[in-house]
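Residue numbers for the sequence shown follow my numbering, so the first one is 1281 and each next one is one higher.
Okay, structure first, notes after.
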Amino acid sequence: MSDFPNWLRRRSCLLIIAAVFAASISVQAAPPAVEMISEYFDLLASGNIESASYMWTESAQERSSRFGIEFEGIPLKGDAVSPIVRNLNVMRDHLQPPVKRHETLASERWVRLEYSSVVDGQLVEYDYYAVKEGDWYWLIYPQDYYARDWPVRETKYFRIHYHPDRESMLNEVVLEQADEMLEELATRMQLSADQIKQIEAAKIEYFYCDSDNTVKEITGHLIKGTLDLASNDLISAFFPHYHELTHLLLNIKLQKLPLYTAPLLREGAAVYFGGRWGKSPDVLLELGAFLHQQEILTPDSMLTMASFERGATADIAYPVAGLVAAYVVDEAGLDAFLALYRNSSGRFTYVRNLNASDMRTLIQNALGMTSWAEVIEGLDDYIADKLASSSLSAAGALGGKKLVETAGVTIEHRGEWFGFAVTPGNPDHVGVTILFGRDERLVGAHSMLFEEQFGGAMMNEGFRYGIRMDQNEAGLYDYGTDHLLAKYILGITPSPNYLDKESGAVKVKFRHPRLDKDLFGPGKMKILFH
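Structure below.
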């Protein structure tokens, strides 16, 4: 660090005086990193927030303020994840002693400082990380330590710090698609031209981990990925993680917002715009519609923070949340949804105390409706009309122009749709994979999705897309970006047109913006029965 503020110069003098005094009476002083965190807590407790912010590295300060996001009621955004800063009025009287235990990490430069205290009968624990630069210790984010030696690669909008084991996953196709998807999301969420230029200039820091366990080491939670609200960094074992990117872009769009939002709307927005864990929004919204229609999980059962968190697993809760967000955005408009988002946001106690009746009123007001019954009736109509008409998959033959007819596989094209009919020639074959869309940039590349489906085999031949079909379901996959683009499941949408039980023939059709008739044909595709 170069230009030290006056308060830091005074800090230097005081520490030197304290060290001399301690030595003169033969008392061992606390380690410098512990002294640092103690002073940081003193500044927080006294309300000297600006001075406290200078105890973070310059990189941490810049990243936390990079996109102009502010969290209402959070005095120091750069430490917004800490329970100390989130509840400073309560915690300021519980900050000494500052550290239960401190641990030297890779070298003497890196230190983890473990805070622990019982506050109002509850155990509060949190780890801070620090690095020694020059003569002083400075606060950093955990990812700065764990990714300290990771290579870095930049795209138009991302600065990707990647674990070396993930280098083979960062092919040119996925990097290109990540930038294109950011622009698409920014357009759909109506970010300003200046905001998009700011993202391009500053870039989004993306920490691409080798496993969920590494994400846990960094964040403390065993999850696929997350947005670090303090730093604006994306931390994930999946790339590109559009769900978490949506959270960040929504914060950039809103600029100033409360830290907490009703999870039905927070996660619903991320599913509607960005999908989840490699599944496209279209796939998840169709699943959400099925869950609602079959009353397996309905919006009523997950309106509050408590009911959302304990009522169902994320795999079924998120699709229904996405359905609610889609319904409000498509029927009332983005501005109405953003107003609803803000109205269901606030301090933790406010969001926790929003009951089901409160949430029903907020949602029906956003839709301009007078009763919850009207909301549900409108949701059912939305599913039957708009969502059904926008489906990307359907059972049955297409009856279009034949593009391919070989080896028991027929591929047809008509309008936006592509039809796939498969008649296995061997009764032992229960499924087929049609690989297509060969891209030289993917020759020899790795795809987690492809390797999962083919037992660890690489995409040696560079086919970007695949249709996988069996007697129960059919899916359209993008191996270049590890995403499921469209899905038909016989058990969810029963149809006699899908499977001929006598011959074993399966007929399905897909439509998607990435499908094109030029992707099929001799030398461009490969058929694998299994």
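Using N, Cα and C, we set each Cβ at its ideal position, and we do this for glycine too.
Reduced DSSP secondary structure (H/G/I, E/B, other) of residue i
i	result
Val1723	coil
Ile1807	strand
Ala1360	coil
Ala1410	strand
Met1728	helix
Asp1798	helix
Val1551	helix
Ile1329	helix
Pro1793	coil
Ala1754	strand
Met1749	strand
Leu1295	Confidence is the limiting factor: at Leu1295 the pLDDT is only 39, short of 50, which leaves the residue's position unreliable, though a coordinate-based value still follows. Helix at Leu1295.
Ser1624	coil
Ala1309	Its pLDDT being 40, under 50, Ala1309 is placed unreliably by the model, and nothing is read from it.
Tyr1486	strand
Thr1761	coil
Ser1783	coil
Met1738	coil
Thr1641	helix
Arg1381	strand
Met1281	Since pLDDT at Met1281 reaches only 33, below the 50 mark, its modelled position is unreliable, and no value is offered.
Reference residue i, options the options, closest by Cα
i	options	result
Ala1605	Leu1618, Ala1674 and Ile1596	Leu1618
Thr1337	Lys1412, Pro1431 and Ser1587	Lys1412
Lys1804	Pro1538, Ser1727, Glu1720 and Tyr1486	Glu1720
Met1449	Leu1765, Tyr1425, Ala1517 and Phe1351	Ala1517
Phe1716	Pro1704, Gly1695 and Glu1741	Glu1741
Phe1570	Ala1481, Lys1483, His1523 and Asp1660	Asp1660
His1375	Lys1789, Ala1653, Val1404 and Ala1542	Just to set this straight, residue 1375 is Leu in the shown sequence, not His. With distances taken between Cα atoms, Leu1375 lies closest to Val1404.
Met1814	Tyr1759, Tyr1522 and Ile1769	Because the chain in this structure spans residues 1281 to 1810, residue 1814 falls outside the shown range and cannot be described.
Ser1339	Gln1402, Gln1423, Pro1355 and Asp1407	Gln1423
Arg1468	Lys1533, Asp1445 and Asp1595	Lys1533
Glu1480	Lys1436, His1441 and Thr1506	Lys1436
Leu1232	Tyr1442, Asp1445, Val1391 and Phe1734	Because the chain in this structure spans residues 1281 to 1810, residue 1232 falls outside the shown range and cannot be described.
Lys1536	Ile1354, Ser1491, Leu1667 and Asp1322	Ile1354
Leu1385	Ala1410, Met1582 and Leu1530	Ala1410
Leu1808	His1693, Pro1802, Ala1687 and Leu1722	Ala1687
Leu1647	His1810, Thr1584 and Gly1613	Gly1613
Ser1625	Ser1670, Gly1401, Ile1596 and Asn1531	Asn1531
Glu1782	Phe1790, Gly1755, Gln1751 and Gly1760	Gln1751
Phe1700	Val1723, Leu1722, Arg1718 and Gly1676	Gly1676
Tyr1818	Asp1429, Pro1538, Tyr1540 and Gln1478	Since the first residue shown for the chain is 1281 and the last is 1810, residue 1818 is missing from the structure and cannot be characterised.
Per-residue burial, residue i [other beta carbons within 10 Å of its own, 16 or more giving buried]
i	result
Val1398	exposed
Leu1544	buried
Lys1836	Since the displayed the chain opens at 1281 and closes at 1810, residue 1836 lies outside it and no answer follows.
Asn1777	exposed
Asn1493	exposed
Ala1302	Residue confidence for Ala1302 is low, a pLDDT of 34 falling below 50, so the modelled location carries little weight; the figure read from the coordinates is stated next. Burial call: exposed.
Thr1629	exposed
Ser1333	buried
Ile1576	exposed
Asp1798	exposed
Ala1653	exposed
Glu1434	exposed
Leu1583	buried
Thr1593	exposed
Expected contact under 8 Å - CB spacing of residue i and residue j to nearest Å
i	j	result
Leu1324	Ile1364	7 Å
Arg1439	Glu1497	Not quite, the Cβ-Cβ distance comes to about 21 Å (not below 8 Å), so this is no contact.
Val1551	His1523	7 Å
Leu1455	Leu1525	About 14 Å separates the two Cβ atoms, so there is no contact after all.
Val1246	Ala1785	In the structure as shown, the chain begins at 1281 and stops at 1810. Residue 1246 is therefore absent and cannot be evaluated.
Gly1558	Leu1795	Contact doesn't hold; Cβ gap of about 18 Å is too wide.
Met1728	Asp1762	5 Å
Gly1568	Pro1599	3 Å
Ala1542	Met1639	6 Å
Lys1681	Thr1690	Incorrect: roughly 11 Å between the Cβ atoms, too far for contact.
Leu1314	Val1379	Just to set this straight, residue 1314 is Val in the shown sequence, not Leu. About 5 Å separates the two Cβ atoms, so the contact holds.
Continuous alpha helix (DSSP H) stretch holding residue i: start and end
i	result
Lys1477	Ala1473 to Ala1482
Ile1498	Asp1492 to Thr1499
Trp1652	Trp1652 to Tyr1662
Val1631	Phe1628 to Asn1633
Thr1506	No alpha helix (DSSP H) holds Thr1506; the beta strand (DSSP E) holding it covers Gly1505 to Asp1508.
Tyr1426	Pro1422 to Tyr1426
Thr1686	It is not in any alpha helix (DSSP H) - Thr1686 instead sits in the beta strand (DSSP E) that spans Lys1681 to Thr1686.
Leu1465	Glu1452 to Arg1468
Segment limits, beta strand (DSSP E) that includes residue i
i	result
Pro1538	Lys1536 to Pro1538
Ile1691	Val1689 to Arg1694
Gly1711	Gly1711 to Arg1718
Glu1575	Where Glu1575 is concerned, there is no enclosing beta strand (DSSP E), given that its DSSP letter is neither H nor E.
Ile1349	No beta strand (DSSP E) contains Ile1349, which DSSP labels as neither H nor E.
Short CB-CB distance (under 7 Å) between residue i and chain D
i	result
Ser1345	Reference to chain D is not applicable here, since this structure consists of a single protein chain.
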